[in-house]
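If you read the protein sequences in the order shown, they are chains G and Y. For what it's worth, this note's numbering labels the leading residue of the first sequence as 265, then goes sequentially. For what it's worth, this note's numbering labels the leading residue of the second sequence as 265, then goes sequentially. A short write-up of the structure that comes next.
Protein chains: 2
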Amino acid sequence: MTGAGWPPVDEAGLFGLDNLPYGSASRSGGDWFVAVRIGNHALDLGAAFRHLSPGDADLFSDGRLDRLLATGPRTWDRVRANASTWLSDGQFRPVLQPLLHPLDSLRTRLAFTVGDYVDFYAAEQHATNVGQMFRPGQAALPPNWKHLPIGYHGRAGTIVVSGTGITRPRGQYRGVDGQLAFGPSTCLDIEAEVAFVVGRGTALGQSVPVADFPQYVFGVALLNDWSARDVQRWEAAPLGPLLGKSFATSLSAWITPLPALAAARRRPPVRDEPMLPYLQDAEDPWGLDLQLEVRLNGALVSRPPFLGMYWSAAQMLAHMTVNGASLRPGDVFASGTVSGPGRDQWGSLLELTWDGTEPLRLDDGSQRGFLQDGDEVVIRATAPTRDGRLALGEVSGRVRPAG
Amino acid sequence: MTGAGWPPVDEAGLFGLDNLPYGSASRSGGDWFVAVRIGNHALDLGAAFRHLSPGDADLFSDGRLDRLLATGPRTWDRVRANASTWLSDGQFRPVLQPLLHPLDSLRTRLAFTVGDYVDFYAAEQHATNVGQMFRPGQAALPPNWKHLPIGYHGRAGTIVVSGTGITRPRGQYRGVDGQLAFGPSTCLDIEAEVAFVVGRGTALGQSVPVADFPQYVFGVALLNDWSARDVQRWEAAPLGPLLGKSFATSLSAWITPLPALAAARRRPPVRDEPMLPYLQDAEDPWGLDLQLEVRLNGALVSRPPFLGMYWSAAQMLAHMTVNGASLRPGDVFASGTVSGPGRDQWGSLLELTWDGTEPLRLDDGSQRGFLQDGDEVVIRATAPTRDGRLALGEVSGRVRPAG
Numbered sequence: 265m266t267g268a269g270w271p272p273v274d275e276a277g278l279f280g281l282d283n284l285p286y287g288s289a290s291r292s293g294g295d296w297f298v299a300v301r302i303g304n305h306a307l308d309l310g311a312a313f314r315h316l317s318p319g320d321a322d323l324f325s326d327g328r329l330d331r332l333l334a335t336g337p338r339t340w341d342r343v344r345a346n347a348s349t350w351l352s353d354g355q356f357r358p359v360l361q362p363l364l365h366p367l368d369s370l371r372t373r374l375a376f377t378v379g380d381y382v383d384f385y386a387a388e389q390h391a392t393n394v395g396q397m398f399r400p401g402q403a404a405l406p407p408n409w410k411h412l413p414i415g416y417h418g419r420a421g422t423i424v425v426s427g428t429g430i431t432r433p434r435g436q437y438r439g440v441d442g443q444l445a446f447g448p449s450t451c452l453d454i455e456a457e458v459a460f461v462v463g464r465g466t467a468l469g470q471s472v473p474v475a476d477f478p479q480y481v482f483g484v485a486l487l488n489d490w491s492a493r494d495v496q497r498w499e500a501a502p503l504g505p506l507l508g509k510s511f512a513t514s515l516s517a518w519i520t521p522l523p524a525l526a527a528a529r530r531r532p533p534v535r536d537e538p539m540l541p542y543l544q545d546a547e548d549p550w551g552l553d554l555q556l557e558v559r560l561n562g563a564l565v566s567r568p569p570f571l572g573m574y575w576s577a578a579q580m581l582a583h584m585t586v587n588g589a590s591l592r593p594g595d596v597f598a599s600g601t602v603s604g605p606g607r608d609q610w611g612s613l614l615e616l617t618w619d620g621t622e623p624l625r626l627d628d629g630s631q632r633g634f635l636q637d638g639d640e641v642v643i644r645a646t647a648p649t650r651d652g653r654l655a656l657g658e659v660s661g662r663v664r665p666a667g
Numbered sequence: 265m266t267g268a269g270w271p272p273v274d275e276a277g278l279f280g281l282d283n284l285p286y287g288s289a290s291r292s293g294g295d296w297f298v299a300v301r302i303g304n305h306a307l308d309l310g311a312a313f314r315h316l317s318p319g320d321a322d323l324f325s326d327g328r329l330d331r332l333l334a335t336g337p338r339t340w341d342r343v344r345a346n347a348s349t350w351l352s353d354g355q356f357r358p359v360l361q362p363l364l365h366p367l368d369s370l371r372t373r374l375a376f377t378v379g380d381y382v383d384f385y386a387a388e389q390h391a392t393n394v395g396q397m398f399r400p401g402q403a404a405l406p407p408n409w410k411h412l413p414i415g416y417h418g419r420a421g422t423i424v425v426s427g428t429g430i431t432r433p434r435g436q437y438r439g440v441d442g443q444l445a446f447g448p449s450t451c452l453d454i455e456a457e458v459a460f461v462v463g464r465g466t467a468l469g470q471s472v473p474v475a476d477f478p479q480y481v482f483g484v485a486l487l488n489d490w491s492a493r494d495v496q497r498w499e500a501a502p503l504g505p506l507l508g509k510s511f512a513t514s515l516s517a518w519i520t521p522l523p524a525l526a527a528a529r530r531r532p533p534v535r536d537e538p539m540l541p542y543l544q545d546a547e548d549p550w551g552l553d554l555q556l557e558v559r560l561n562g563a564l565v566s567r568p569p570f571l572g573m574y575w576s577a578a579q580m581l582a583h584m585t586v587n588g589a590s591l592r593p594g595d596v597f598a599s600g601t602v603s604g605p606g607r608d609q610w611g612s613l614l615e616l617t618w619d620g621t622e623p624l625r626l627d628d629g630s631q632r633g634f635l636q637d638g639d640e641v642v643i644r645a646t647a648p649t650r651d652g653r654l655a656l657g658e659v660s661g662r663v664r665p666a667g
């Protein structure tokens, strides 16, 4: 840190004082600590609190966000205000400088213990594309699609932190000859999604109205819902996907707190079907102007816009709990594949290559229907702030051959 | 305990020395402890180990099974052998007697922290019945049904211990007039199931062959997968059930260790479709002769036989992990509704009343299509032992009106 400016923001300002995402990090061989990212550095937040505000230091003693998540927005705001003040006011520099570590000197792990994981299906273009491919001859959108945000539970235990290698799954599927086959998936895909991290839990029987969204949701992160399309297509009727998705789901190491996205809030699109009262947007709705990009081996293959998603995250949460299902700190729910109207805005290879029939041509001249071993996928996103843009922490993963 | 025989087994012998299920219990206001059930008493196992085998006492220090689950079959066997020896040999009576508490003096909670929860659909009769009702005009069994055990992830965070009241969920569904409706479910149902509790976890990328089932599965319990059929029917295509199931799932307070069911092992039924090698039964297969019974307000309404399930629990586990999905201690997977060929052997009201069109007549003269507020459901099961029968811990719940 010697010689760098204060605060140590990155040149593009994407991880500046208006962002300050949280993670769990450690130096080689060291203890895990709750980290706040500023530029290309991470502040050991627990240590900072021990020095500057010891009354709250215990919130970070497990080296993950678990305790902080469980507290609620008043504490979330206080912690964020402290971090922001300390990093912006030069008087704290002597205390904080030894607690700031370059990101490339750190390991990261999942920032919190995941409770349940629900994956939605909230982009109309994605649902339409998938319907056309998976259920040809039927209406592309299922009849319930515009009446409720469709979702399903995914496997919480196989959510992995960004950067984790993704082993190509084996499974059974119908081969091109219609015969049952077993082996490594030949249609390994990505799904570029936005995930929401539940902070405060609820009691069984309680519902979370749309307007109460920020009382319960701590933050936002990018998610890649890796999918074995051949396995998924064969297994998924009538109870939904299981093994086609459960082998791994990648989540960013950095969770951007919800208040950092205040300037990204927009009205959701006009809906063409009436919605039941419990799903109607609050006065100040939760459309979010996040601009995603998907890179495959470095090549930009898609720029999915989160703005325009039919269902907002606040509606997803209201729906998920309208039956009284309880929430736990660390529950994750994700948007489903983010796909905009343009073909260069689709968030999966299934869509981008139209089920492999129209391969992508990469910079090195090679073609891709689905992922090959060794391929690396990186999903990034930015959002407007009051006077610039911020970035969500990227989510990346490289495909390993089947074991 | 004064005056009772030793060991203090129940009159019917259903919770004798060959059973010894585990739970987590506490006396009013006291600490939670790991309990072993014998007859109508529970032994404070941690306290027993502190007196008699302190080297292992730390396994029980969290008052739940979490630490024990994570160890593996060698430790599971040692703990069970100790408990069995201490409870059968009168020389230990002076030590153990103060540590034995009548069940009716104890509260129970979930015996372990639930990881992920997967619910299968493994009874051919159940899948056939549901297919006929939910997808009339199509083949009752989906084309994949005999090639793989179909399953989906349920909500782990709303698994509740037996005895917990079940609040009728609200939700959206299509009314009888075809119009979209919202309100308390009018088709609240049960599903009588058998659940398997994973002990040892696995690494990401690892699969569990059928033959390794007892290396990873700690025990067995009864489960009631409460279902709101109206909600489920409307939401479930194409990604499966979510809110129709996620409001509550009840699990027995007592987990019967797998070795207690050694005498209940049988060959599964002959399958009429070839199975891929990873699903083929091991030499000593895991069909289980469990006889369930379902009581509604005391009246016996069904006797579903677990023997005859198309897919064994060992096949479910092999399938669940064939893609490399990892397991965690405390993962739960359940069989799906247990329904035998006879109409009095069906494990849900959906089937027993043929979607409410042929109501059950209860002892008090009242009729039931689906559950009414105040109804109590109790599911029990027994299994053969070498010289008698044992019982799984019951799973019960009473319906509360929508909040």
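Ideal placement from N, C-alpha and C gives every residue a C-beta, glycine not left out.
Interface residues of chain Y facing R434 of chain G [CB-CB closer than 9 Å]: For R434 of chain G, the neighbours in chain Y by C-beta distance under 9 Å run, in chain order, S471, Y542, V586, N587 and G588.
Start-to-end residues for the alpha helix (DSSP H) that takes in A563 of chain Y: Where A563 of chain Y is concerned, there is no enclosing alpha helix (DSSP H), although the beta strand (DSSP E) it sits in stretches over A563 to S566.
With distances taken from CA atoms, which of G:G629, G:G429 and G:L360 is nearest P206 of chain G? In the structure as shown, chain G begins at 265 and stops at 667. Residue 206 of chain G is therefore absent and cannot be evaluated.
With DSSP run on the structure shown, which of helix, strand or coil describes T428 of chain Y? In the structure shown, T428 of chain Y sits in coil (DSSP, three-state: anything other than H, G, I, E or B).
8 Å Cβ cutoff, A512 of chain Y in contact with chain G: Yes, its Cβ sits closer than 8 Å to a Cβ of chain G.
Closest Cβ-Cβ distance between W498 of chain G and chain Y: below 8 Å? Residue contact with chain Y for W498 of chain G: present (Cβ-Cβ distance below 8 Å to some residue of chain Y).
Beta carbon of A563 of chain G, beta carbon of L626 of chain G: below 8 Å? With respect to the 8 Å criterion, A563 of chain G and L626 of chain G are classified as neighbours on the basis of their beta carbons.
My output table needs one value for P648 of chain G: the three-state DSSP class, helix, strand or coil. P648 of chain G: strand per DSSP, three-state reduction.
What residues are listed by DSSP as bridge partners for P521 of chain G? Its beta-bridge partners are G:G483.
Outcome for A668 of chain G when other beta-carbon atoms lying within 10 angstroms are tallied against a minimum of 16: Any answer about residue 668 of chain G is impossible in this case: the structure gives chain G only from 265 up to 667.
So which residues of chain Y does V495 of chain G contact, with C-beta pairs closer than 9 Å? The contacting residues are N587.
Taking the CB atoms as reference points, tell me whether A456 of chain G and P285 of chain G lie closer together than 8 Å. In this structure, P285 of chain G does not lie closer than 8 Å to A456 of chain G by Cβ.
Among the candidates Y:D330, Y:G310, Y:S288 and Y:G277, whose CA atom is the shortest distance from the CA of S516 of chain Y? Check the Cα spacing between S516 of chain Y and each of Y:D330, Y:G310, Y:S288 and Y:G277: the tightest is with Y:S288.
In whole angstroms, what is the alpha-carbon distance linking A386 of chain G and T392 of chain G? Distance between the alpha carbons of A386 of chain G and T392 of chain G: 11 Å.
Chain G residues whose Cβ lies nearer than 9 Å to that of D476 of chain Y: The premise fails here: D476 of chain Y is roughly 16 Å from chain G at the closest Cβ pair, so nothing lies under 9 Å.
Contact under 8 Å by Cβ, A512 of chain Y with T422 of chain Y: With contacts defined by Cβ atoms closer than 8 Å, A512 of chain Y and T422 of chain Y form a contacting pair.
Going along the chain, which residues of its own chain have a beta-carbon closer than 7 Å to the beta-carbon of L444 of chain Y, five neighbours each way excluded? If we look at L444 of chain Y and ignore the five residues flanking it on each side, its Cβ neighbours are Q436 and R438.
With V596 of chain Y and V359 of chain Y assumed to form a contact (beta carbons below 8 Å), what rounded beta-carbon distance in angstroms separates them? Rounded, the Cβ-Cβ distance is 34 Å, inconsistent with contact.
Closest Cβ-Cβ distance between M265 of chain Y and chain G: below 8 Å? Its pLDDT being 42, under 50, M265 of chain Y is placed unreliably by the model, and the measurement read from it follows with that caveat. Chain G, which has no Cβ nearer than 8 Å to the Cβ of M265 of chain Y, makes this no.
Are the segment 298-317 of chain G and the segment 536-548 of chain G touching, with three or more C-beta to C-beta distances below 8 Å? Because the criterion of three Cβ pairs below 8 Å is not met, the segment 298-317 of chain G and the segment 536-548 of chain G do not touch.
Spatial neighbours of R373 of chain G in its chain, beta-carbon cut-off 7 Å, leaving aside the 5 residues before and after: The residues are S288, W296 and V425.
Between D595 of chain Y and chain G, is there a C-beta pair that is closer than 8 Å? The C-beta of D595 of chain Y comes closer than 8 Å to at least one C-beta of chain G.
Rounded to a whole number of angstroms, what is the C-alpha to C-alpha distance between T266 of chain Y and F482 of chain Y? Low confidence applies to T266 of chain Y: its pLDDT is 44, below 50, so where it sits in the model is not reliable enough to give any reading.
CB contact below 8 Å: Y320 of chain G versus chain Y: A small fix is needed here, since residue 320 of chain G is Asp in this sequence, not Tyr. Chain Y contact via Cβ: absent.
Can you check the segment 297-383 of chain Y for any alpha helix (DSSP H) of at least 4 residues that lies completely inside it and give the ranges in chain order? With a minimum length of 4 residues, the continuous alpha helix (DSSP H) runs that stay inside the segment 297-383 of chain Y are 309-316, 330-335, 337-352 and 357-360.
Are the segment 486-500 of chain G and the segment 310-318 of chain G touching by the rule of at least three beta carbon pairs closer than 8 Å? The way I'd put it, the segment 486-500 of chain G doesn't touch the segment 310-318 of chain G; fewer than three beta-carbon pairs between them come closer than 8 Å.
Quick check on the burial criterion: 16 or more other C-beta atoms within 10 angstroms. Buried or exposed for A645 of chain G? Classification for A645 of chain G: buried.
Contact between the segment 585-594 of chain Y and the segment 463-481 of chain Y: three or more CB pairs below 8 Å? Touching, yes, given that three or more Cβ pairs across the two stretches are closer than 8 Å.
G542 of chain G in three-state terms, based on DSSP: Note on residue identity: the sequence assigns Tyr, not Gly, to residue 542 of chain G. The answer is helix: DSSP assigns Y542 of chain G an H, G or I state.
Among residues of its own chain, excluding the 5 on either side of L363 of chain G, which ones have a beta-carbon nearer than 7 Å to its beta-carbon? L307, D308, A311 and A312.
Which residues of chain G have a Cβ atom closer than 7 Å to the Cβ of Y385 of chain Y, listed in chain order? Per Cβ cutoff of 7 Å: L503.
Identify which residue in G:S352, G:L507 and G:F634 has its Cα closest to the Cα of N587 of chain Y. For N587 of chain Y, the nearest C-alpha among the options comes from G:L507.
Tell me whether the beta-carbon of L332 of chain Y lies closer than 8 Å to the beta-carbon of T520 of chain Y. At the C-beta level, L332 of chain Y and T520 of chain Y stay beyond 8 Å of one another.
Just to make sure I have the definition right: I need the residues of chain Y whose C-beta is within less than 7 Å of the C-beta of G418 of chain G. Which are they? Correct list: H417.
Neighbour flag for I414 of chain Y against chain G, beta carbons, 8 Å: Closer than 8 Å to some Cβ of chain G, the Cβ of I414 of chain Y qualifies, so yes.
8 Å is my cut-off, CB to CB: does N346 of chain Y come that close to chain G? No, N346 of chain Y lies away from the interface with chain G (no Cβ there is under 8 Å from its Cβ).
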